[in-house]
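Q: Below are the structure tokens for one structure; questions will follow.
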Amino acid sequence: MRNICSAIVHARPEKAARVRQAIEAFEGAEVHGGVEEGKLIVTVEGSEDDVLADTLGRVGDLQGVVSTVMIYHFCGEDEVSNEEVLQ
176 MRNICSAIVH
186 ARPEKAARVR
196 QAIEAFEGAE
206 VHGGVEEGKL
216 IVTVEGSEDD
226 VLADTLGRVG
236 DLQGVVSTVM
246 IYHFCGEDEV
256 SNEEVLQ
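For the sequence shown, the positions run 176 to 262 when my numbering is used.
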């Protein structure tokens, strides 16, 4: 089973670089941009919903974070065959 979510993390611009480092230290978390503006685009991958929720909660608790908003969540099988797509 694969779980992935994306979120926008609003951070104080002067703390955004440190917030990025802290987020990327979490297992399965990656920052894809927005550091300069203080609006970090983040994805988190894990095997269960609890892992994603816990990680986003920890992100929200970081010093310099103003808010964290989940934008997208996917939960499903790792791979989908062509036959499954065509059905």
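All residues carry an ideal CB built from backbone N, CA and C; glycine is no exception.
Predicted model, so just to flag it, every value in this text is computed and none were measured.
Can you tell me whether Val210 is helix, strand or coil according to DSSP?
A: If DSSP states are grouped into helix, strand and coil, Val210 belongs with coil.
Q: Report buried or exposed for Val244, applying the criterion of at least 16 other Cβ atoms within 10 angstroms of its Cβ.
A: It counts as exposed.
Q: Please report the distance separating the alpha-carbon of Gly239 from that of Ile216.
A: Rounded to whole angstroms, Gly239 to Ile216 spans 15 Å at the Cα level.
Q: Which residues share a DSSP beta bridge with Leu215?
A: DSSP lists Val184 as partners of Leu215.
Q: Do Asn178 and Gly221 have their CB atoms nearer than 7 Å?
A: In this structure, Gly221 lies closer than 7 Å to Asn178 by Cβ.
Q: For Thr230, which option in Phe249, Val210, His248 and Gly203 has the closest C-alpha, if you only look at C-alpha atoms?
A: It is Gly203.
Q: Would you kindly check if the distance between the Cβ of Val194 and the Cβ of Leu227 is under 7 Å?
A: No, the Cβ-Cβ distance between Leu227 and Val194 is not below 7 Å.
Q: Closer than 6 Å by C-beta to Val241: which residues in its own chain qualify, once you throw out the five before and the five after it? Chain order, please.
A: Taken in chain order, the residues that qualify are His185.
Q: Which class does Gly251 belong to by DSSP, given the choice of helix, strand or coil?
A: Strand.
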